[in-house]
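**Q** Throughout, my numbering is defined as the position within the sequence shown, counted from one, plus 37.
Just passing along the structure, written as structure tokens.
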Amino acid sequence: MNEEMKWNRSLPNGTKDKLFKEAVQSHQLESLVNHHFASRGYQRIETPLIEFEEVFDGMAQKATSRYRFFDDQGRIVVLRPDMTLPIGRVISTTGVIPPVQLSYSGKVFRVNKGHSGEYNEQLQAGMELIGYDSLKAETECLINGVSVSQKSGVTDFQIELGHAAIFQTILSELQLTDQKKERFKWLLQSKNSPGMQDFLVDYQQHPLYPLISRLPRLFGQIDILEEVEALTDHPKILASITEMKQLIKQISQVYPEQEITVDIGLVQELQYYTGITFKGYADQSSDCFFSGGRYDDLLTEFSVAPLPAVGLVFYLDRMLYIKDRKGELTKPQGIEVLIHYDDDALALAEQVLAKERFARLSLHASLEETIEHARTWQIPRVLHVFEHEMKDISLEGGERDE
38 MNEEMKWNRS LPNGTKDKLF KEAVQSHQLE SLVNHHFASR GYQRIETPLI
88 EFEEVFDGMA QKATSRYRFF DDQGRIVVLR PDMTLPIGRV ISTTGVIPPV
138 QLSYSGKVFR VNKGHSGEYN EQLQAGMELI GYDSLKAETE CLINGVSVSQ
188 KSGVTDFQIE LGHAAIFQTI LSELQLTDQK KERFKWLLQS KNSPGMQDFL
238 VDYQQHPLYP LISRLPRLFG QIDILEEVEA LTDHPKILAS ITEMKQLIKQ
288 ISQVYPEQEI TVDIGLVQEL QYYTGITFKG YADQSSDCFF SGGRYDDLLT
338 EFSVAPLPAV GLVFYLDRML YIKDRKGELT KPQGIEVLIH YDDDALALAE
388 QVLAKERFAR LSLHASLEET IEHARTWQIP RVLHVFEHEM KDISLEGGER
438 DE
């Protein structure tokens with residue numbers, strides 16, 4: 038009889054252990070981003086790792102892509118797949134009075150398809166600007182996006198701008214069935230120009246046809262914005278283009294060399310966006326390492342009146358991957374001194390530990406074990422602490438009295 042397979046030596050799909058160097062780098066990057074937001078006056082917020090599933094009804098994400106389970110009362114709860122919606126829940130159910138500038142960091146969990154290359158457990162850090170309806174909020178997000186990227190060592194990247202209102206306006210004007218909406222989304226996401234021409238056979242007399250027929254190709258340099266203005270006179274779409282132009286002008290004041298591109302046919306995975314959206318891309322990865330945008334209808338998900346909001350999130354694991362591909366992940370400082378102390382010398386050993394840099398107490402019973410440990414882990418020095426003195430043992434050059 039075959040024994041039942043045990044999983045206590047395995048990891049769930051899409052997860053990984055971070056050891057030593059990777060764990061240190063991840064922690065340092067998270068700390069860097071958190072410190073950056075604190076230095077700009079942001080207030081930190083933390084929400085539970087588990088939430089009721091209804092909190093995420095505003096996501097287009099399917100329930101099968103969530104980690105779902107039951108609480109002790111039989112209610113469906115999930116590991117949070119997103120950080121923004123829980124913050125919306127907080128704003129709608131507490132006494133927090135907007136406007137507020139919030140920051141956060143933590144893990145999100147999404148069940149990705151096998152062999153997709155994406156981890157199901159992802160470390161994120163970000164910001165939420167709640168209650169600001171001016172373009173200064175989007176500007177603040179992108180200023181932070183560029184600044185944090187540069188501080189973290191991701192210096193060669195481009196920002197891609199889109200506008201959710203353009204796609205939403207087109208859907209409203211075409212009045213597509215649900216099936217045709219999904220087809221239309223796919224054609225835009227895959228940049229399928231021939232397929233779009235076939236799709237639009239029955240819409241050639243529509244006022245938006247000149248624009249829609251070009252959508253799969255309307256991405257790239259910012260002069261495409263002027264091309265869009267020549268293709269349509271729809272007021273909502275033109276207003277969206279004007280907003281994008283104004284944002285580019287603002288960012289260029291602070292970062293005139295920053296590369297910015299646009300994608301007029303951009304379709305967002307998260308359906309709560311209502312305005313300008315943005316993503317950061319580096320050459321070392323096809324996935325964006327930061328993203329965000331405006332979502333003025335966020336609080337309506339929680340039966341509260343609409344409230345303007347803009348957010349930005351950094352995908353910290355992707356940022357570390359980019360730095361690793363560039364060969365820029367530095368090795369963390371290792372232990373240089375291992376302190377072995379006699380039983381009656383603990384007080385002196387603690388004093389020595391406080392003064393020595395990159396030192397650690399040995400927890401071995403014998404000096405021989407301590408020295409062997411140091412050799413195994415390539416620690417160059419061992420300090421042997423007695424009650425009133427100590428010996429400095431160099432593993433490369435014998436020992437001497439101090």
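We put the CB at the ideal spot given by N, CA and C, even for glycine.
Small disclaimer: the values here were computed from a predicted structure and weren't measured.
Can you say whether N50 is buried or exposed, counting buried as having 16 or more other CB atoms within 10 angstroms of its CB?
**A** Burial call: exposed.
**Q** Might you give, ordered along the chain, the residues of its own chain that have their beta carbon closer than 6 Å to the beta carbon of E264, omitting 5 neighbours on each side?
**A** No residues qualify anywhere along the chain.
**Q** Determine the direct distance from the alpha carbon of F89 to that of R105, and round the result to whole angstroms.
**A** Cα to Cα, the separation comes out at about 9 Å.
**Q** Would you list the one or two residues that DSSP bridges to A267?
**A** None, per the DSSP bridge assignment.
**Q** Ignore the nearest five residues each way along the sequence and tell me which others in I372's own chain have a CB closer than 6 Å to its CB.
**A** Answer for I372: F395, R397 and I416, listed in chain order.
**Q** Among L353, E409, H421 and R418, which has the Cα closest to the Cα of G190?
**A** Checked all of L353, E409, H421 and R418; the closest Cα to G190 is L353.
**Q** Given this structure, state the Cα-to-Cα distance separating H377 from Y358, to the nearest angstrom.
**A** Answer to the nearest angstrom: the Cα atoms are 38 Å apart.
**Q** Have a look at the DSSP bridge pairing and note the partners of I113.
**A** Bridge partners of I113: F107.
**Q** Do three or more CB pairs link the stretch 228 to 238 to the stretch 334 to 344 at distances below 8 Å?
**A** Cβ pair count under 8 Å is below three, so no.
**Q** Determine the contact status of D108 and V145, defining contact as a CB-CB distance below 8 Å.
**A** No, these two residues do not count as a Cβ contact at 8 Å.
**Q** Could you round the C-beta distance between I301 and Q195 to whole angstroms and report it? I think they count as a contact, below 8 Å.
**A** Not a contact, Cβ separation roughly 16 Å.
**Q** Quick one: grab the DSSP three-state call for S142.
**A** It is a strand residue.
**Q** What does DSSP give as the partner residue(s) for V419 in the beta ladder?
**A** For V419, which the question treats as bridged, DSSP gives the partners L375 and I430.
**Q** Rounded C-beta distance between Q295 and L172? I'm assuming under 8 Å.
**A** Q295 to L172, Cβ: 17 Å. No contact.
**Q** Only counting the same chain, and skipping five residues up and downstream in sequence, which positions put a Cβ closer than 7 Å to that of Y156?
**A** Once the five neighbours on either side are set aside, the close Cβ partners of Y156 are G51, T52, K53 and D354.
**Q** Would you list, in sequence order, the uninterrupted beta strand (DSSP E) runs of no fewer than 3 residues that lie entirely inside the stretch 264 to 348?
**A** Segments of the beta strand (DSSP E) lying fully in the stretch 264 to 348: 296 to 300, 313 to 319 and 327 to 331.
**Q** Using the beta-carbon count (16 or more within 10 Å), is I134 buried or exposed?
**A** Flag for I134 reads exposed.
**Q** Please work out which residues of its chain come closer than 6 Å, Cβ to Cβ, to F256, disregarding the five sequence neighbours upstream and downstream, and give them in chain order.
**A** Same-chain partners within the cutoff: D300.
**Q** Might you give, ordered along the chain, the residues of its own chain that have their beta carbon closer than 6 Å to the beta carbon of K316, omitting 5 neighbours on each side?
**A** Here the set comprises E197, C325 and S328.
**Q** What does F194 pair with, by DSSP beta-bridge criteria?
**A** A319.
**Q** Could you say if the stretch 75 to 91 and the stretch 113 to 132 meet the contact criterion of at least three C-beta pairs nearer than 8 Å?
**A** Output reads yes: the stretch 113 to 132 touches the stretch 75 to 91.
**Q** Mapping DSSP to helix, strand and coil, what is G182?
**A** Here G182 sits in helix by DSSP.
**Q** Would you mind reading off the limits of the alpha helix (DSSP H) that contains L248?
**A** Y246 to I249 is the span of the alpha helix (DSSP H), which, as asked, contains L248.
**Q** For I70 versus S142, is the C-beta spacing smaller than 8 Å?
**A** For the record, residue 70 in the displayed sequence is Val; it is not Ile. Against a cut-off of 8 Å, the Cβ pair of S142 and V70 comes out as a contact.
**Q** Would you kindly check if the distance between the Cβ of C178 and the Cβ of S349 is under 8 Å?
**A** The sequence shown places Leu at residue 349, not Ser. Yes, the Cβ-Cβ distance between L349 and C178 is below 8 Å.
**Q** Among I274, I278 and S250, which has the Cα closest to the Cα of D260?
**A** Cα-wise, what sits closest to D260 is I278.
**Q** What do you get for H72, buried or exposed, if any count of 16 or more other CB atoms within 10 angstroms of its CB means buried?
**A** H72 should be labelled exposed.
**Q** Less than 8 Å between the C-beta atoms of L224 and P253, yes or no?
**A** Yes. Within cutoff.
**Q** Among all the DSSP beta bridges, which residues are the ones paired with L225?
**A** The partner list for L225 (beta bridge, DSSP) is empty, contrary to what the question assumes.
**Q** Nearest to V389 by alpha carbon, out of Y169, D320 and V422?
**A** Checking every option, the nearest Cα to that of V389 belongs to V422.
**Q** Beta-carbon separation of Q80 and Q138 under 8 Å?
**A** In this structure, Q138 lies closer than 8 Å to Q80 by Cβ.
**Q** When you compare only the Cα positions, how much space is there between L400 and I82?
**A** Roughly 39 Å between the two C-alpha positions.
**Q** Could you compute how far the alpha carbon of E436 sits from the alpha carbon of I430?
**A** Reliability of the predicted coordinates at E436 is poor, the pLDDT of 49 falling under 50, and no value is obtained from them.
**Q** Which of helix, strand or coil does DSSP assign to K55?
**A** Coil.
**Q** Looking at the structure shown, is I87 part of a helix, part of a strand, or coil, going by DSSP?
**A** Three-state DSSP puts I87 in a strand.
**Q** Residues in the same chain with beta-carbon distance under 8 Å from E170, minus the five sequence neighbours each way, listed in chain order, please.
**A** For clarity, residue 170 is Asp in the given sequence; the question names Glu instead. Counting only Cβ-Cβ distances below 8 Å, and skipping sequence neighbours, we find D333 and P345.
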